[in-house]
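Working notes, beginning with the structure itself.
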Amino acid sequence: MDYQRSKAQFEEDRIDELLELIWMLREEGDATIDNVKKRSEDPQAGHIINVIEASGLISSDHGKISFSEKGEKRAERIIRRHRLAERLLFEVFEIEEKQIEDPACELEHTHVLSEVVVDSICTFLGHPPTCPHRKVIPRGECCRKFSLEMKPLVVPLTELQVGEDARIVFISSKYHARLDRLSSLGIIPGSIVRLHQKQPTYVVKTGETELALDRELAKEICVKKIMPE
Amino acid sequence: MHNHDSAVVKPGEKIAIVGNPNVGKSVIFALLTGRYATVSNYPGTTVTVTTGSYKLGGKDVQVFDTPGVNTLIPMSEDEVVTRDILLKESVRLVVQVVDAKNLNRGLQITMQLAEMGLPFIVVLNMWDEAHSRGIGVNTEKLAAAIGTTVIPTVGVEKKGIKELRESLSEKRYSSLSISYGSLIEDGVERLESLLPDSRISRRSIALMLLAGDESLKPWLKDHLTPSEINKIELICQDVQGKFYEPLGYVINHTRLKRSGKVTDEVFSKYQKGGNTISVNLGRWAMHPVWGIPVLLIVLFLMYEFVGVFGAQTLVGLLENGLFGNYINPFMKFLTVVFIPDSFFRDLLVGEYGIITMALTYSMAIILPVVGTFFIAFGILEDSGYLPRLAIMVHKIFKLMGLHGKAVLPMVLGLGCDTMATLTARVMETRKEKIVVTLLLALGVPCSAQLGVILGMLGGVSFTATLLWVSIVILVIFLVGFLASKVIKGESSDFVFDIPPLRVPVLSNIVFKTLSRIEWYLKEAVPLFIVGTLILFTLDKIGMLNIIEKVASPVVVGFLGLPQKATGAFLVGFLRRDYGAAGLFALAEAGQLNPNQVVVSLVTITLFVPCVANLLVMVKERGFATAIGMVAFIFPFAFLVGGVLNYILNMLGVEL
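Heads up: the protein sequence lines correspond to chains A and B, in order.
At position 74 of the first sequence the residue is numbered 74 (the working numbering), and the sequence of numbers has no breaks.
At position 332 of the second sequence the residue is numbered 1332 (the working numbering), and the sequence of numbers has no breaks.
Rendered as structure tokens:
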């Protein structure tokens, strides 16, 4: 790889890093230039902000940063890559939460994971709504189609066979009350469940608690099978 | 920091028993106070607070038995009750009952109690059950981890109760604290500065508010200005805005992770708990295929015990034997001798006499049936079969727009509709509560009535019984279906805790049956006497004849019944089982043919159960809703009866 190309790539990566940071600050409700400078590891953060503002990716008003449409799209793709990468490392390789940050950072850049690959990962993981740190993963084209052509690693509880053990990976419900109710009964990501029956309702056992669930809820609980040793 | 044992009891101080559903709070309550609170093996037996008293340091301390909760952030009406006791009462000590084998779930509440800053001790109940599953809990380690006293007990065997009594004078504050991460902690801090002083810590209230606890609103309104409440709401929204998932869920998640850690440290599984008979039986009872024969066997045994032994054998012995051969002739003899006036004689032993009608019906016809039913039902309740039944019929209820959880109040209705109407509190949405209340009032026959009906139908034919059952079920289904279409609102999710199948404890069955019979005698028998007096008076002043004539187009014309049945319907307005008993007597006297028996029974089954039930409906659902239901139910009952009569005639069916 010639020097010019890798230098350009390096610059692009720095821009990506900052866009990612701005996105995260925005999630926390505080996307200001000051905060970016404070939190960025890039010593020249101020300079890069000017560069990306000049290239029309962001705009600032009294120190508050907002994305342009183009910038928003680009940042969203970075975040999606990063967080899906985290999920992948966490679920498939079972790398601890603390140790997944660095490799995920490497994977987030366009030249590493193409759009098609990202969608495949997303499908493989069962279209997770959040990363292991429970931050939202922006949806991609594949999620809207909810394609299941590839045999995914993470499946809804309804796909399990009776008698199988599985670990809950995420619960993709949009109803707050439902999440509250389930969590109060011990159904949260990380819990191990065994499927006892599917008819007339789903019955799962977690710890020493046996729970009956309607199919509608079981569909939203996404799990990864635990292979018997 | 805090003094550990302040044995001085201040006046008005209370002890509250809290814990997850179905962990044995009521058992512990009864052992401490000597008062019996209904104990069963399914979540949600206790929906209101029972109070009793306990001698502590020479003074009487009030003890509360509270409805079970999974978290102190309430999601249904009964759960609000529990949280409000902690929030509003002067609680000296909280006794948290935990199911030893489900420690993990209990710890969620432990953490919340610690956050509230209330003194509490932990009772690890059902210690034996954990043991039989090969689970051991290191109580010393646990006590150290949560920073309070831990006492292992087996409530039903009274084990560990002495130790518990000794610990009640302590006042230990837990040292447990959890951090929820900087974003939430920041929100907590901001909220704390706005909150008023109360019996529980500001931190715990702040966390409840962040978790989106709607039920705190009235309390906030009492203590803060609208602008302060507004600020609180803004803070909550602001913190929630930083999370994708609801805050309540994030908070629960953090607690569960922590409790999981504690559990891992203190739990030991020393053997692989094999599948015992009760585990297998429990599985079969809700199996898609085997569950059906199990259900049929249960129904058959119930029928044999209540329908045959209770309603035929015992009723025969009491009604014809005791009352028919001895008491009534003897009383008639006595009255002839001692009461010369025929008016007063009739009042006691006439056609509508207190002894010959009210007491004969209530003691000889209904009591044996109710008694046997209560025994059978108690066994069912304590075995843990009812929640499994809820699973078996969940799909049918779902078609109706309700879910399996609604089965519990409906099945309880077979015992007593009035009590069951109270149990509707476990339903989470207003819509579900209304539909359940309506169906209970309309279609679910209570034990007293069921007994009389089975007794009558048993005398006719199996086909007649089947026809009655099918029609009542069909009506319940249709009305339920339409009501949940008409009444606006959401249905809640079906997530449901299944208790293990257990061998019922004899003493509990005896207690429960006796307290239910006592209740029946106190509540139903007086109404029977009132009903009889009304009939007697109407008869004497000649009104009964007039009413029979006026009602004749409906009773005789539309329903195709003899005029005499009017009296039965009349008392049916007071208690439908009494109405049914009147029909029973008519049928025995040979005045009803099989078709008429079925038509009259279907009609009376669809009446509002009793006056007490009506009062509870008004109290629970409001006056307007209750009256609306009544206005629908009575005409509808006659309509269904009439249509049935018409169809039977049209098809020329002779049962």
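Note that the Cβ used here is the ideal one computed from N, Cα and C, for glycine as well.
- In the three-state scheme derived from DSSP, where H, G and I count as helix and E and B as strand, Cys1416 of chain B is classed as coil.
- Annotation: Cβ neighbours of Lys135 of chain A in chain B (cutoff 8 Å, chain order): Tyr1244.
- Close to chain B, meaning a Cβ-Cβ distance shorter than 9 Å, are the following residues of the region 177–195 of chain A: Ala177, Arg178, Leu179, Asp180, Arg181, Leu182, Ser183, Ser184, Leu185, Gly186, Ile187, Ile188, Pro189, Gly190 and Ser191.
- Beyond the five residues adjoining it in sequence on each side, Ile1453 of chain B comes within less than 8 Å, by CB distance, of Pro1445, Trp1468, Ala1580, Leu1601 and Thr1605 in the same chain, given in chain order.
- No Cβ-Cβ contact shorter than 8 Å links Leu157 of chain A with Phe1494 of chain B.
- For Phe1373 of chain B, the enclosing alpha helix (DSSP H) stretches over residues Leu1367 to Ser1383.
- Interface annotation, Leu213 of chain A: in contact with chain B, CB-CB separation under 8 Å.
- Assignment of beta-bridge partners to Tyr202 of chain A by DSSP yields A:Leu213.
- Around Leu1639 of chain B, the same chain offers no residue with a beta carbon nearer than 6 Å, after the five sequence neighbours per side are excluded.
- The Cβ-Cβ distance between Asp1577 of chain B and Ile1366 of chain B falls below 8 Å.
- Put simply, the region 1451–1465 of chain B does not touch the region 1493–1510 of chain B. Fewer than three CB pairs are less than 8 Å apart.
- By the C-beta criterion, the region 1104–1116 of chain B is judged not to be in contact with the region 217–225 of chain A, since fewer than 3 inter-stretch pairs fall below 8 Å.
- Only those residues of the region 1389–1421 of chain B whose C-beta falls short of 8 Å from the nearest C-beta of chain A are listed: Ala1390, Ile1391, Met1392, Val1393, His1394, Lys1395, Lys1398, His1403 and Gly1404.
- With a threshold of 16 other beta carbon atoms within 10 Å, Trp23 of chain A meets it and is buried.
- In this structure, the alpha-carbon of Glu1157 of chain B lies about 11 Å from that of Asn1508 of chain B.
- With the criterion set as a beta carbon lying under 7 Å from some beta carbon of chain A, the members of the region 1493–1511 of chain B are Asp1493, Phe1494, Val1495, Phe1496, Asp1497 and Ile1498, in sequence order.
- If only uninterrupted beta strand (DSSP E) runs of at least 3 residues are considered, none is enclosed by the region 1423–1489 of chain B.
- Close partners of Pro1526 of chain B in chain A (Cβ separation under 9 Å) are lacking, with about 41 Å as the shortest Cβ gap.
- Taking CB atoms only, Gly1241 of chain B has a neighbour in chain A less than 8 Å away.
- Each residue's CA atom was taken as its position, placing Pro189 of chain A and Gly1455 of chain B some 54 Å apart.
- For Lys1162 of chain B, no beta strand (DSSP E) segment is defined; the enclosing uninterrupted segment is the alpha helix (DSSP H) at Ile1161 to Ser1167.
- Those residues of the region 1101–1118 of chain B placed with their C-beta closer than 8 Å to a C-beta in chain A are Lys1101, Asn1102, Asn1104, Arg1105 and Gln1108, ordered along the chain.
- Considering only beta carbons, the part of the region 1220–1240 of chain B lying closer than 8 Å to chain A consists of Asp1238, in chain order.
- Neighbours of Arg1133 of chain B in chain A, taken as residues at a C-beta separation under 9 Å, are given in chain order as Glu208.
- For Val203 of chain A, the neighbours in chain B by C-beta distance under 8 Å run, in chain order, Met1286, Ile1391 and Ile1498.
- In the DSSP assignment, Lys1540 of chain B is bridged to no other residue.
- Sixteen is the threshold: since fewer than 16 other Cβ atoms of the shown chains lie within 10 Å of the Cβ of Tyr1270 of chain B, the residue is exposed.
- About 6 Å separates the CB atoms of Gly1160 of chain B and Ile1151 of chain B; that is less than 8 Å, so the two are in contact.
- One finds Tyr1244 and Glu1245 in chain B with Cβ atoms closer than 9 Å to the Cβ of Thr130 of chain A, taken in chain order.
- At a cut-off of 8 Å, the C-beta of Leu1256 of chain B has a neighbouring C-beta in chain A.
- The C-alpha of Arg1516 of chain B lies about 19 Å from the C-alpha of Leu1031 of chain B.
- Cα atoms of Arg1083 of chain B and Gly1212 of chain B: separation of roughly 15 Å, rounded to the nearest angstrom.
- Secondary structure note for His1403 of chain B: it is in no beta strand (DSSP E), with a DSSP letter that is neither H nor E.
- Approximately 7 Å separates the beta-carbon atoms of Leu1322 of chain B and Ala1364 of chain B; this is inside 8 Å, confirming the contact.
- Contact of Thr1153 of chain B with chain A is not assigned, every C-beta pair being separated by 8 Å or more.
- For Tyr1054 of chain B, the beta-bridge partners assigned by DSSP are B:Val1061.
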